[in-house]
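In order, the protein sequence lines correspond to chains A and B. The numbering of the first sequence is my numbering, which starts it at 34 and goes up by one. The numbering of the second sequence is my numbering, which starts it at 38 and goes up by one.
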Amino acid sequence: MKAGAARALRWTRVNLFSTPLNAALTLFIAYLAVRLLPGTVGWAVLRASLTAADDRACAASGGACWAFILDWSRFILFGRFPYAQQWRPAIVLVIFAALLLASFSRLLPGRWLALAWAGGLGAVALLMWGGVLGMPYVDTALWNGLPLTLILAAGGLGISFPLALLLALGRRSSLPAVRTLSIVYIEGARGVPFIAWLFLMLVLLPLFLPPGVAIAKLWRAEIAFALFIAAYLAEVVRGGLQAIPRGQYEAADALGLGYLHKTALVILPQALAVTIPAQVNTFIGAFKDTALISIVGLFDLLQDTNTALNDPAWRMAYVEGYVFVGAVYFVFCYSMSLYSRRLERRLGRERR
Amino acid sequence: MVPADQRAPASPPKRQVAPWNDERVRSLAFQSLTLALVVGLLAYLALNAADNLSRQGIATGFGFLGREASFAITTALIPYSPADTYARALLVGLLNTLLVAGLGLVLATLLGLALGLARLSANWLLGRLALVYVEIMRNTPLVLQLFLWWDLLRLSTPPPREAWKPLPGVYISLRGVFFPVPVYDPLYLWMGAALALGVAAAALLGVWGRRRQARTGRALRLGLPGLALILLPPAIVFFAGGAPHLLDVPHPTRFDFSGGRSITPEFAALLAGLVAYTAAFIGEILRGSILSVRSGQSEAAAALGLTRGQALRLIVLPQAIRVAIPPLTSEYLNLAKNSSLAVAIGFPELFSVTNTVANQTGQAIEAMAIVCATYLAISLSISLLMNLYNRSMAPVER
């Protein structure tokens with residue numbers, strides 16, 4: 034007991050009061066905490082309301098208006114998906130959660146995991162579209178909310194990955210035409226903001242298609258998204274390609290492997306393995322970027338919330354609304370970044 | 038590379054290979070095929086576009102730039118009225134982009150430095166607090182944060198008469214942020230000249246000090262004299278000229294403010310959002326680069342008898358900066374590109390102005406071409422500058 038107290042005291046001295054400046058900082062932070070914390074906790078929990086009728090009622094009690102989230106939860110999560118059919122996107126969310134958990138926990142070996150993703154995405158498509166098994170058909174324009182965000186992210190990554198491999202290999206290629214094209218594409222794509230890409234695809238793409246050919250908004254956004262991430266992912270993979278010692282290339286050449294075999298069997302597996310953490314980081318950035326589709330008129334989680342906030346009864350509950358959306362994004366992004374950090378540590382250990 | 042004409046005679050008379058097995062033929066064929074595919078795709082899209090445009094009766098070309106814009110812009114650095122041309126409206130937008138990116142770059146670097154130092158601090162509470170901030174910022178979308186800032190500034194701010202006063206003379210109300218500016222006085226020009234003179238003198242002093250140290254081996258403490266050389270001349274001019282310190286301070290009136298300068302809620306929200314978001318990334322970059330300098334370096338510095346401050350300034354920071362430059366560059370590029378999210382909250386920077394122009398004129402292709410080319414130019418010039426700086430910081434290898 035006494036040793037514990039002594040240790041705690043020592044920890045406090047070393048970590049909080051080691052120098053006069055440190056002590057002053059600690060006291061200042063403690064002062065801020067005393068001033069701000071009770072108010073914040075009171076707002077978020079103690080005085081918060083789950084049942085208020087509108088934002089004025091919440092303002093009267095001086096607490097958070099979580100009632101807004103409850104009142105509009107189904108619209109925020111699923112948007113304009115037919116109300117009676119919203120169990121379908123709900124199952125889609127469960128499927129995505131299960132797939133992500135399976136990927137992070139590494140319960141399944143790689144090949145099974147790939148199979149699980151393929152099967153899972155197939156089930157997602159079936160559930161969202163419907164038209165079979167007694168489920169009415171639902172147009173992609175009504176695929177709203179969180180499922181839209183997840184479909185966009187998963188689909189975008191799936192499409193962009195092979196493209197990124199080609200671009201990365203192209204940029205390192207000895208063929209000048211291929212190299213130049215890859216560089217122009219990668220630098221061009223990265224030099225322009227994502228929102229410009231989205232406008233190009235959503236507003237201008239129809240102009241570039243033959244008359245009579247129309248691509249649904251969702252798929253146009255998906256293409257824009259995939260083309261955009263591919264450039265960033267290509268640079269990550271290129272980093273991996275550059276990190277591979279020349280001896281590996283030379284050994285593959287000495288074995289008499291041709292370009293395809295050398296690349297597919299020797300170079301790429303190593304280049305992809307060392308860059309997994311960087312790939313995950315790129316993916317976190319891409320996942321956050323899905324929120325931009327709310328600007329170009331697709332109803333993702335954020336745009337659903339904006340729409341709900343247009344309800345005059347809840348206009349002032351925007352802090353609660355955005356905190357909720359932020360929390361959803363945070364859960365996804367933070368778990369991915371924890372995963373990438375763990376992976377990085379393990380890779381670091383294995384290489385030593 | 039060996040020139041082909043030197044290589045040719047050395048190579049033995051080769052076995053005849055079939056053309057489809059000849060490496061040069063194959064590489065040429067593959068490249069032609071790739072080029073043909075890309076060019077073909079682009080040509081197909083261009084033909085479609087030409088076809089569609091002529092059917093809809095939209096004229097192509099940049100002639101629309103000279104027509105009257107007839108829309109107002111709330112924030113303009115150069116005189117602008119709706120009677121001006123589209124070209125001028127786009128210029129106003131570009132200047133606003135540069136303004137927000139430039140201000141954001143400086144402020145985000147300062148806040149990022151503070152965050153990086155806080156994360157490295159020996160104080161556990163401060164480190165944790167900075168970590169929580171960084172994780173929240175990095176794991177939520179910027180556009181969401183912008184929406185929150187914007188609503189905070191336009192919905193929750195009080196009317197002018199009850200404006201918040203975070204600092205004396207600074208007012209935050211639903212009209213925007215108002216702050217005082219000094220009234221211009223010709224003396225300020227002379228103060229600037231005196232400052233330039235002081236900086237030059239301090240630089241000369243530094244050069245002299247280093248030469249002396251090289252000759253005699255004795256280091257002089259020139260920090261304080263140098264600072265005095267920089268600060269004293271403008272101060273002397275200031276007081277000799279009668280110390281003109283008139284401030285144009287904003288005053289709340291019934292519905293608005295008079296005097297001072299102001300920025301709109303949109304501008305304030307965009308700047309605050311960009312700075313708060315980017316600083317989190319910059320802080321992590323700076324922290325990581327300081328940690329990347331091996332501890333042996335500061336131990337060796339201590340063994341040489343350098344103080345902790347000297348070790349940081351002469352040994353650790355120069356090495357850390359080298360590590361930090363490439364990721365910092367891409368972070369600055371991100372900030373410049375992210376300023377285009379202003380379109381979500383209606384601040385008239387390049388992208389939102391272009392969007393308005395495209396909607397009004399129907400010349401969406403030309404407008405997007407202009408905006409893409411401009412962002413590319415901004416991106417390429419930032420990376421060029423940072424590459425030059427990077428080269429000047431690179432270690433001189435012997």
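Heads up, the beta-carbon is just placed ideally off N, CA and C, and yes, glycines get one too.
Along chain A, in chain order, which residues have C-beta atoms closer than 7 Å to that of residue i?
| i | result |
| --- | --- |
| B:Leu378 | Ile228 |
| B:Lys374 | Pro226 |
| B:Ser64 | Leu208 |
List, in order along the chain, the chain B residues whose C-beta lies closer than 7 Å to that of residue i?
| i | result |
| --- | --- |
| A:Thr59 | Asn160, Leu162 |
| A:Ala324 | Pro178, Val180, Leu181 |
| A:Asn55 | Ala159, Asn160 |
| A:Leu233 | Met405 |
| A:Val236 | Ala401 |
By the criterion of Cβ-Cβ separation under 8 Å, what are the contact partners of residue i in chain A?
| i | result |
| --- | --- |
| B:Tyr412 | Gly224, Val225, Pro226, Ala229 |
| B:Phe67 | Leu208, Val211 |
| B:Phe388 | Pro226, Ile228, Ala229 |
| B:Leu192 | Arg348, Met349, Tyr351 |
Does the Cβ of residue i have 16 or more other Cβ atoms within 10 Å, making it buried, or fewer, making it exposed?
| i | result |
| --- | --- |
| B:Leu422 | exposed |
| B:Val129 | buried |
| B:Gln250 | exposed |
| B:Tyr81 | exposed |
| A:Gln312 | buried |
| B:Lys202 | exposed |
| A:Arg89 | exposed |
| B:Ser429 | exposed |
| B:Arg156 | buried |
| A:Ser207 | exposed |
| A:Ala41 | exposed |
| A:Arg144 | exposed |
| A:Gln336 | buried |
| B:Asp42 | Summary for B:Asp42: the model assigns pLDDT 48, below 50, so the residue's position carries little reliability, and this model does not support an answer. |
| B:Thr391 | buried |
| A:Tyr292 | exposed |
| B:Ile255 | The question names Ile, but residue 255 of chain B in the sequence shown is Arg. Burial call: exposed. |
| A:Trp120 | exposed |
| B:Pro40 | With a pLDDT of 49 at B:Pro40, under the threshold of 50, the modelled position of this residue cannot be trusted; read the value that follows with caution. Classification of B:Pro40: exposed, given that the 10 Å Cβ count is below 16. |
Ignore the nearest five residues each way along the sequence and tell me which others in residue i's own chain have a CB closer than 7 Å to its CB.
| i | result |
| --- | --- |
| B:Gly103 | Thr122, Ala124 |
| B:Leu378 | Leu179, Val180, Leu183 |
| A:Asp87 | Ala346, Trp347 |
| B:Ala120 | Glu105 |
| A:Asn314 | Ser373 |
| A:Ala117 | none |
Any chance the CB of residue i is under 7 Å from a heavy atom of the ligand GDP?
| i | result |
| --- | --- |
| B:Glu60 | Because no ligand of any kind appears in the structure shown, any question about the ligand GDP cannot be addressed here. |
Once you ignore the five residues that flank residue i on each side, which residues in its own chain have a CB closer than 8 Å to its CB?
| i | result |
| --- | --- |
| B:Ala45 | In this prediction, B:Ala45 scores a pLDDT of 48, lower than 50, which makes its location untrustworthy; the coordinate-derived value is nonetheless stated afterwards. For B:Ala45, where only same-chain residues beyond five positions count, there are no Cβ hits under 8 Å. |
| B:Leu370 | Ser416, Ile419, Ser420 |
| A:Leu141 | Ala135, Ala149 |
| B:Tyr170 | Leu152, Ala317 |
| A:Ser82 | Ala90, Cys91, Ser94, Gly96, Ala97, Cys98, Trp99, Ala100 |
| B:Ile95 | Gly399, Gln400 |
Could you work out which residues of chain B lie near residue i, taking near to mean beta carbons separated by less than 8 Å?
| i | result |
| --- | --- |
| A:Tyr64 | Result: empty, since nearest Cβ-Cβ is about 12 Å, beyond 8 Å. |
Within its chain, find whatever has a CB closer than 6 Å to the CB of residue i; leave out the 5 residues flanking it on each side and keep chain order.
| i | result |
| --- | --- |
| B:Ala309 | Trp186 |
| B:Val218 | Asp285, Arg298 |
Since residue i meets chain B, which of its residues come closer than 9 Å, beta carbon to beta carbon?
| i | result |
| --- | --- |
| A:Tyr362 | Asn176, Thr177, Pro178, Leu181 |
| A:Val299 | Residues of chain B passing the Cβ test: none, with the nearest at roughly 20 Å. |
| A:Ile328 | Val180, Leu378, Val380, Ala381 |
| A:Ser370 | Glu172, Arg175, Asn176 |
Have a look at the DSSP bridge pairing and note the partners of residue i.
| i | result |
| --- | --- |
| B:Leu284 | B:Pro219 |
| B:Ser299 | B:Phe215 |
| B:Phe294 | B:Pro289 |
| A:Asp344 | Per DSSP, none; premise fails for A:Asp344. |
| B:Ser389 | Partner(s): none; B:Ser389 has no beta bridge. |
| B:Thr122 | B:Glu105 |
In chain A, which residues lie with their C-beta within 9 Å of the C-beta of residue i?
| i | result |
| --- | --- |
| B:Thr27 | No answer is possible for residue 27 of chain B: the residues shown for chain B start at 38 and end at 435. |
| B:Asn89 | Pro239, Leu240, Phe241, Leu242, Pro243, Pro244 |
| B:Asn133 | Within chain A, no residue comes near B:Asn133; the closest Cβ sits about 15 Å away, beyond 9 Å. |
Handout entry: the stretch 378–396 of chain B / the stretch 352–361 of chain B touching (three or more Cβ pairs under 8 Å)
Key = Touching, no, given that fewer than three Cβ pairs across the two stretches are closer than 8 Å.
Exercise for the section: Please confirm if the stretch 226–246 of chain A is in contact with the stretch 84–93 of chain B, defined as three or more CB-CB distances below 8 Å between the two stretches. Expected result: With the cut-off at 8 Å, the stretch 226–246 of chain A and the stretch 84–93 of chain B touch.
Handout entry: Inter-stretch contact (C-beta, 8 Å, three-pair minimum) for the stretch 145–152 of chain B and the stretch 274–283 of chain B
Key = Touching, no.
Handout entry: Inter-stretch contact at 8 Å, needing at least 3 Cβ pairs: the stretch 258–273 of chain B / the stretch 224–239 of chain B
Key = By the Cβ criterion, the stretch 258–273 of chain B is in contact with the stretch 224–239 of chain B, since at least three pairs of Cβ atoms, one from each stretch, lie closer than 8 Å.
Handout entry: Segment contact, 8 Å Cβ cut-off, at least three pairs: the stretch 218–228 of chain A with the stretch 314–331 of chain A
Key = Verdict: yes, contact present.
Practice task
Would you check if the stretch 355–375 of chain A and the stretch 280–298 of chain A touch, i.e. whether three or more CB-CB distances between them fall below 8 Å?
Solution key: Here the stretch 280–298 of chain A does not lie against the stretch 355–375 of chain A, with fewer than 3 beta-carbon pairs under 8 Å apart.
Handout entry: Meets three-Cβ-pair contact criterion under 8 Å: the stretch 336–345 of chain B and the stretch 184–203 of chain A
Key = No: the two stretches stay apart, fewer than three of their Cβ pairs being nearer than 8 Å.
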